[in-house]
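The next block holds one structure in the form of structure tokens; read it before the comments.
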Amino acid sequence: MSGEGDGTVVRRDRFSGGPARSFLSSMGADHRIFAADLAVDRAHVVMLAEQEIIDDGEAATILSALDDVEEAGFDALPDGEDVHEAIETAVVERVGRVGGKMHTARSRNDEVATCIRCRLREDLLAAVDAVLALRGALAEVAEAEAETVMPGYTHLQPAQPTTVAHWALSYEGTLARDTGRLLDAFDRANESPLGAAAFAGTTFDVDRERTADLLGFDGVVANSMDASASRDFLLEAVAALSSVAVTCSGLAEDVVLFANRGFVELDDDYSSTSSIMPQKKNPDTLELVRATAGDAVGAYTSLATTLKGLPRAYNRDLQRATPHAWQAADDVTDAAEVAAGAVATAEWPAEELAAAAGEGFSTATGVADALAAAGMPFRTAHEIVALAAEQSEAADGSNALPESHVDDGVSGVSGEHSADLVAVDAAAREVTGEPLSALADPEVVAAALDPATNVAQRDSAGGPAPDAVRAALDDVRASLAADERAIADREAALAAAVDDLAAEVASYE
Ligand code: ARG
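Residue numbers (the working numbering): 886 to 1394.
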């Protein structure tokens, strides 16, 4: 039976566009929801038959036509304003007027909202997967580089020594919250609008819970006008994706800066060369990760601006809202995957990092802490060390030490940082009138001047001391495992729904 043969058309040609036809069409973006639409059609047809809105034979006919349409693929669809209309036309072409029963008790408005939510669930889980890969790579770095001392910065100025592990876990922590945001977005997207029809419900006795269940949704969007009109779930998803992109952009920027200083060696797979300068090895992949934040925030802005001020219920503006979410999902997932690969394969040259870690008197805070721990008011300690830092900066290059203090209280302490110790002694005398040895144990102060010891002493919870990082790493591993389970549970629920729907469909064939 042919749809054309018995004169069936999905809709008459009125309003089909003319010169505006391609402008009206969403076919260019709808391949993304082709599989989702077939699932939505099947669930809807099964429910219509169960509710005796159509009979089982009609359902079987439509369901087999849908198999055929799926087999032929998206590119074989007839011309249509969108994938929903094109699939319906393809069904009617195959089975004639009975195919027109598929669209009973629904509208493209609830249909498209359901398709978008179905597809978005998969995209969000893919994004979470990529973020987990990046978090896993950062945890590996933390494990391997717990003792690798490096400079830490504020205002891009050397601030305090830290470790590569502590740096890595700082991004893992942010990405753990980003993971939570993506999972939240998943859970709120995971409600079915189907059965809302255009916006105002339907006279047919539809079972919305049943189609929700067949499609693996946790429940339904209760209000039918809300169900058809709302896209806040898209905005939330893109906000969560933007947050991931912003986090990754900071990480990428750090790595670009570290590469500039020779603090990190990127694998060749994640580097690029210059077409003219033969010696160049550039961190291009990380620069592109950094740039992705612009795309994601752009998508968010486009989406929010499109949604802003839309009246209830459905408006065609929504058609242009959706692709922003697809773009953001693809871009951010790709960026997180590339960042994961770059982090997993990077080398951290310990010697260069250790040498740089003490630059710019960045042990100063630890020295002030050591003086304060010996009983001095922290403000006085701060003043002494600030003066010592100034003097040591002035002495840099000449290495001239204040002669009169060399043999007085600190001369017994030798080592790499003895010049700085002398500067602290001189400053102590200037500020308090007393030598350092009268105020604190010079050995303790000397230890604080050593970047590795300085780091090891900052063992407060969440701090950079190797022991603190190892303790934090246990929590990180637990949270990674919990998030892996969260994805696996959601994937399993979706897969189970796919199987259930397939079994229901098969029972009609
Ligand atoms: N392609 C449309 C979209 O993406 C489907 C819904 C069309 N509905 C309508 N009333 N014109 O939003």
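We put the beta carbon where it would ideally sit given N, CA and C, even for glycine. Because the structure is a prediction, the values reported are computed rather than measured.
For the candidate residues V1390, A1381, R1375 and A1380, whose alpha-carbon lies nearest to that of F1071?
-> Among V1390, A1381, R1375 and A1380, the Cα nearest to that of F1071 belongs to R1375.
Residue environment, P1036, which counts as buried when at least 16 other CB atoms sit within 10 Å = Buried, by the Cβ-count rule.
Nearest-angstrom Cα separation, counted from A1224 out to A1312 | Rounded to the nearest angstrom, the two C-alpha atoms are 46 Å apart.
Pairing CB atoms from the stretch 1131-1142 with CB atoms from the stretch 1195-1206, are three or more of them under 8 Å?
-> Contact between the stretch 1131-1142 and the stretch 1195-1206 is absent, because fewer than three Cβ pairs lie under 8 Å.
Comparing the CB of D1111 with every heavy atom of ligand 1, is any distance shorter than 7 Å?
-> Because no heavy atom of ligand 1 lies under 7 Å away, the Cβ of D1111 does not count as near it: no.
Pair within 8 Å by beta-carbon distance, V1013 and T1064 | The Cβ atoms of V1013 and T1064 sit closer than 8 Å to each other.
Buried or exposed: which applies to M1162, given that a residue is buried once 16 or more other Cβ atoms fall within 10 Å of its Cβ?
-> Counting the other Cβ atoms within 10 Å of the Cβ of M1162 gives fewer than 16, which makes it exposed.
Indicate, with yes or no, if ligand 1 has a heavy atom lying under 7 Å from the CB of H988.
-> No, Cβ of H988 sits at least 7 Å from all heavy atoms of ligand 1.
Would you say the stretch 1113-1122 touches the stretch 1081-1100, given that touching needs at least three Cβ pairs under 8 Å?
-> Contact between the stretch 1113-1122 and the stretch 1081-1100 is present: 3 or more CB-CB pairs across the two stretches fall below 8 Å.
Residues that DSSP places opposite S1157 in a beta bridge = Per the DSSP secondary-structure output, S1157 pairs in a beta bridge with N1167.
State the DSSP-derived secondary structure class of T1047, mapped to helix, strand or coil.
-> Taken through DSSP and simplified to helix, strand or coil, T1047 comes out as strand.
Could you tell me how far apart the beta carbons of A1189 and D1008 are, in whole angstroms, since I believe they sit closer than 8 Å?
-> Contact flag wrong, Cβ pair sits at about 19 Å.
Run of the beta strand (DSSP E) containing G1037, from where it starts to where it stops = G1037 -> beta strand (DSSP E) spans V1034 to T1039.
Same chain, Cβ closer than 7 Å to E1288, five either side skipped, listed in chain order = With a pLDDT of only 45 at E1288, under the threshold of 50, the placement of this residue in the model should not be trusted; the figure read from the coordinates follows. For E1288, where only same-chain residues beyond five positions count, there are no Cβ hits under 7 Å.
At which residues does the alpha helix (DSSP H) containing I1001 begin and terminate?
-> Run containing I1001: R993 to A1029, per the alpha helix (DSSP H) assignment.
Would R917 be called buried (16 or more neighbouring beta carbons within 10 Å of its own) or exposed?
-> R917 counts as buried, since at least 16 other C-beta atoms from the protein chains shown sit within 10 angstroms of its C-beta.
Where does the unbroken alpha helix (DSSP H) through D1111 begin, and where does it stop?
-> Residues S1109 to A1114.
Can you tell me the Cα-Cα spacing of E1278 and S1128, whole angstroms?
-> Our two residues, E1278 and S1128, have alpha carbons roughly 40 Å apart in a direct line.
Which term fits E1394, buried or exposed, when burial requires 16 or more other beta carbons within 10 angstroms of its beta carbon?
-> By the neighbour-count rule (16 or more Cβ atoms within 10 Å), E1394 is not buried but exposed.
Which residues in the same chain as E1395 place their Cβ atom closer than 7 Å to its Cβ, once the five residues preceding and following it in sequence are excluded?
-> What the structure shows of the chain is the stretch from 886 to 1394, and residue 1395 is not part of that stretch, so it cannot be assessed.
Opening and closing residue of the alpha helix (DSSP H) in which D1216 lies = D1202 to T1230 is the span of the alpha helix (DSSP H), which, as asked, contains D1216.
Quick one: Cα of D1202 to Cα of D1384, how far?
-> Rounded to whole angstroms, D1202 to D1384 spans 35 Å at the Cα level.
Taking only the alpha-carbon atoms, compute the straight-line gap between N1284 and P1336 and give it to the nearest angstrom.
-> With a pLDDT of 42 at N1284, under the threshold of 50, the modelled position of that residue is not reliable, and the figure given next carries that caveat. In this structure, the straight-line span from the alpha carbon of N1284 to that of P1336 is close to 20 Å.
Just the C-alpha distance for A1350 and Q1212, rounded to the nearest angstrom, thanks.
-> CA-CA distance, A1350 to Q1212, rounds to 41 Å.
For A1011 and D1069, the rounded distance between their alpha carbons | Between D1069 and A1011, the C-alpha separation is close to 14 Å.
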